[in-house]
Amino acid sequence: MSSVARDRIRRCLAMIPLIRARPGIRIPELAHIFGVRESEIWEDITEILSLCGVPPYLPHNYLVFGIHGDRVTIRFAEHLARPVHLTLQEALAIDLALRVVSGGRPPAFGDAAPRLRRKLRELIGRADREVLETLDRHVGGAVPSDHVTQTIQVLKEAMGRNVGVEVEYYTASRDSVGTRIIEPYGLIDHRGSWYVVARDALRGREVPFRVDRIRWARPVPGHEYEVPDEFTTEAFRRDEMRERAPGDVPVRVRFDPRQAGRVREDAGNKGVQTLPDGSIVRTFHVDPQRPRWLFTHVARYGPEAEILGPPELRAGMARFLADVATVQGVTVEAPRRTARAAAATPRKPARARRKPRSS
Numbered sequence: 212m213s214s215v216a217r218d219r220i221r222r223c224l225a226m227i228p229l230i231r232a233r234p235g236i237r238i239p240e241l242a243h244i245f246g247v248r249e250s251e252i253w254e255d256i257t258e259i260l261s262l263c264g265v266p267p268y269l270p271h272n273y274l275v276f277g278i279h280g281d282r283v284t285i286r287f288a289e290h291l292a293r294p295v296h297l298t299l300q301e302a303l304a305i306d307l308a309l310r311v312v313s314g315g316r317p318p319a320f321g322d323a324a325p326r327l328r329r330k331l332r333e334l335i336g337r338a339d340r341e342v343l344e345t346l347d348r349h350v351g352g353a354v355p356s357d358h359v360t361q362t363i364q365v366l367k368e369a370m371g372r373n374v375g376v377e378v379e380y381y382t383a384s385r386d387s388v389g390t391r392i393i394e395p396y397g398l399i400d401h402r403g404s405w406y407v408v409a410r411d412a413l414r415g416r417e418v419p420f421r422v423d424r425i426r427w428a429r430p431v432p433g434h435e436y437e438v439p440d441e442f443t444t445e446a447f448r449r450d451e452m453r454e455r456a457p458g459d460v461p462v463r464v465r466f467d468p469r470q471a472g473r474v475r476e477d478a479g480n481k482g483v484q485t486l487p488d489g490s491i492v493r494t495f496h497v498d499p500q501r502p503r504w505l506f507t508h509v510a511r512y513g514p515e516a517e518i519l520g521p522p523e524l525r526a527g528m529a530r531f532l533a534d535v536a537t538v539q540g541v542t543v544e545a546p547r548r549t550a551r552a553a554a555a556t557p558r559k560p561a562r563a564r565r566k567p568r569s570s
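So, in structure tokens, the structure goes:
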């Protein structure tokens, strides 16, 4: 799926609760919130959202939209008004999905995701809530510090008003601290660290900044900006988000042929190898002390992804999955080195014997 299609789907999903919460909201306001043209909002409603249905897939089985001039309302089907009782597995899936979309654009949806996660915990029982919170710690890793959380809040508020932010930032490559004005486009939770993708006035282009390296941030009144229509945070959610450290190790991950297109798109065809059976092997460079982001990334593909090596990280992935399975009360088998994994691991070429050189 292309990044444009992903952005459109996310926009449609975010639009439903927003229209429900604000009946009669105007189309121009929706376009402003989502940073798109009014015609795109009209197309989202008339070509996608109004055609959601159940078998035999007729319109209006789920959502009924009312459009009066440039104002829009939404009404749900009667069967959607009944209380929804979530199983533990459903609650876990929803919580993980909300965690993924908690950053980025639009800010209005980024703010809704944490509120929905809190509401989800209120809907489920105490025992399930404890399981969900335990799994969240295993998958999500360390909770951001108070300073990072406060900085993210400042950035989100600035993004909501489309105003620039002055920051004091530590640049690791130069080992220096300086102030600059940035125009924040989106937030990314990547590899266990938060980044803000922003246009840097000093460099004149979009750059990812690590939030934990921002000492302070404050909005700049009057410094307004527009986010380019083609911008998407997915273009920056990549393995090369930071400069490769000397201690990083290459990790080979095999993906099922059904995921080949998605993997190539995410990787930009960098570090990607196609095997004879159509599967894809992608090489990531990972800090062996902080591999959790990779484990979480691979786990999202389920049985269609497998770490081939090195052995210690393959074993670490197995422990990670065992911890997750324990939380859910599922028993998993000990990992075995499959024939596919063995075949995909490159063999060192035999060394030819060197003939002694005569002096």
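Heads up, the sequence shown is in the working numbering, so the first residue is 212 and it goes up one at a time. Glycine included, every Cβ here is placed at the ideal spot set by N, Cα and C.
Taking every protein chain shown into account, the CB of L224 has fewer than 16 other CB atoms within 10 angstroms, so this residue is exposed.
If you draw a straight line from the Cα of R326 to the Cα of L309, it is about 10 Å long. At the C-beta level, A412 and I425 stay beyond 9 Å of one another.
In the three-state scheme derived from DSSP, where H, G and I count as helix and E and B as strand, Q484 is classed as strand. If you ignore the 5 residues before and after I256, its C-beta comes within less than 7 Å of the C-beta of F276 and V283, all in its own chain and listed in chain order.
In this structure, the alpha-carbon of V388 lies about 50 Å from that of I285.
For the 9 Å CB-CB criterion, V460 and E517 do not form a contact.
Boundaries cannot be given for T257, as no beta strand (DSSP E) includes it and DSSP labels it neither H nor E. For E517, there is no enclosing alpha helix (DSSP H); the enclosing beta strand (DSSP E) covers residues A516 to G520. A Cβ-Cβ separation of about 7 Å places V376 in contact with V365 under the 8 Å criterion. A check of alpha carbon separations from A471 across G415, V497, V408 and Y512 identifies Y512 as the nearest. Nearest in C-alpha terms to Y396, of all of S490, P502 and F442, is F442.
Here S404 has R421 and D423 as same chain residues with Cβ atoms under 7 Å from its own Cβ, once five neighbours each way along the sequence are excluded. Judged by DSSP in its simplified three-state form, D411 adopts strand.
For V283, the uninterrupted beta strand (DSSP E) segment begins and ends at R282 to F287. In the DSSP secondary-structure assignment, I425 is bridged to Y380.
Taking T485 as reference, the option from R503, F466 and Q500 with the minimal CA-CA separation is F466.
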